[in-house]
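Each residue of the sequence shown is one higher than the one before, counting from 3 in this note's numbering.
Where is the CB? At the ideal position from N, CA and C, for every residue including glycine.
Beneath this line is the structure, given in structure tokens, with notes to follow.
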Amino acid sequence: MSILPLVRGLPAWQARCVSTQSTQAVRDEKTTGPARRAGLVAWASLLIVYVVWGSTYLGIRVGVETMPPLLMAAARFLVAGLIMFPLALRQWRSASPGRRWPSRREWLGCAIVGVLLLVANGMVGVGEKTVPSGLAALLVATVPLWLLGLDAALNHARVGLAPLAGLLLGLAGVIIILAAASSWALGIIMARRATIPSSPALTSAMQLLAGGAALLLIATAAGEFSSLRLGEVSARSWLALAYLIVFGSIVAFSAFGIAVRALPTTTVATYTYVNPVVAILLGSLILNERLTPATIAGGALIVGAVVLVVRRSPPAH
3 MSILPLVRGL PAWQARCVST QSTQAVRDEK TTGPARRAGL VAWASLLIVY VVWGSTYLGI
63 RVGVETMPPL LMAAARFLVA GLIMFPLALR QWRSASPGRR WPSRREWLGC AIVGVLLLVA
123 NGMVGVGEKT VPSGLAALLV ATVPLWLLGL DAALNHARVG LAPLAGLLLG LAGVIIILAA
183 ASSWALGIIM ARRATIPSSP ALTSAMQLLA GGAALLLIAT AAGEFSSLRL GEVSARSWLA
243 LAYLIVFGSI VAFSAFGIAV RALPTTTVAT YTYVNPVVAI LLGSLILNER LTPATIAGGA
303 LIVGAVVLVV RRSPPAH
């Protein structure tokens, strides 16, 4: 129903007010519609990151059973990047008339973020050779290691060579994964500061290629090619690699790129709380890892922390 007949019956100053307010309302409706849809897409993307990246801990754990961890990560990201890049580049060209190729600054920005994020992921694979899947499960697994070390330091308990070797090996895994976490956090910050293409899909593809190439160089320097025996790679490790390529990289990494652009950093960072909960549940269901009451209580606290962070996060800009 039009309001113009009603406006004509009002005094001039009231008519102008009503007309201005109605015009502003129409403008607000036009602008809030796309904004609301973009917000829903961003939250749906974060939900994908919650679930899928939580499941990748399980995939990595299964994959590294018979694959060198750095080579597996390099293959995962390079294959995903090679699949995504031509499709994303074509879409980006159609949306950016006159541009045929990303600039040198865009490549550099994507390379910095990709190396920080994906080399960190490769380090997680190295760490999961010695610890259970999931970051929260890692904390539970370190209790015996700390107990052994503290018992030796405080009570002067004698530690045999085999337990000492296990302690050092486990602590090395912890250090590697903690270093990966700090590198990943820096990558998230750089994703907002670096010069990257306007297309999230093209950005993700370029980051996958850069990170995968860096991992390939690191794997070569670490001598992992000499330890690779393709005939000894199990079928379930191949399936885990395929899952990591399609869902863990192409789907979830693209979703992460959308979420990190549209949502506050503190909100996006809540995936680090949720992923271990998903990893623990899947590890319990599929790998028969022990699920204790303490783990369940910790998961409940993590979910509560996510709720508090999301509710108190500032709006995205």
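Own chain partners of residue i with C-beta closer than 7 Å, once the 5 adjacent residues on each side are dropped
i           : result
residue 53  : 280
residue 224 : 72
residue 102 : 95
residue 193 : 115, 262
residue 226 : 70, 72, 73
residue 37  : none
residue 86  : 203, 206, 207, 210, 252
Selection from the options that minimises the alpha carbon distance to residue i
i           : options            : result
residue 90  : 211, 39, 197       : 211
residue 197 : 56, 71, 78, 110    : 110
residue 80  : 231, 251, 265      : 251
residue 64  : 207, 215, 225, 127 : 127
residue 276 : 42, 56, 46         : 56
residue 78  : 61, 241, 246       : 246
residue 217 : 265, 295, 123      : 123
residue 373 : 249, 283, 262, 272 : It is not possible to answer for residue 373, since the shown part of the chain is limited to 3 through 319.
residue 191 : 61, 38, 268, 67    : 268
residue 288 : 160, 228, 61       : 61
Integer Cβ distance of residue i from residue j, believed to fall under 8 Å
i           : j           : result
residue 259 : residue 116 : No, residue 259 and residue 116 are not in contact; Cβ-Cβ is about 11 Å, not under 8 Å.
CB of residue i within 8 Å of CB of residue j, strictly
i           : j           : result
residue 50  : residue 254 : yes
residue 299 : residue 201 : no
residue 121 : residue 185 : yes
residue 188 : residue 118 : yes
residue 256 : residue 203 : yes
residue 44  : residue 264 : yes
Other residues of its chain near residue i: CB distance less than 8 Å, five sequence neighbours each side excluded
i           : result
residue 199 : 94, 104, 108, 112, 205, 208
residue 69  : 230, 235, 239, 243
residue 195 : none
residue 67  : 236, 238, 239
residue 40  : 264
Contacts around residue i, its chain only, beta-carbon distance under 6 Å, and the 5 residues preceding and following it disregarded
i           : result
residue 221 : 72, 73, 76
residue 145 : Reliability of the predicted coordinates at residue 145 is poor, the pLDDT of 47 falling under 50, and the value obtained from them is presented with this limitation in mind. Counting only Cβ-Cβ distances below 6 Å, and skipping sequence neighbours, we find nothing.
residue 100 : none
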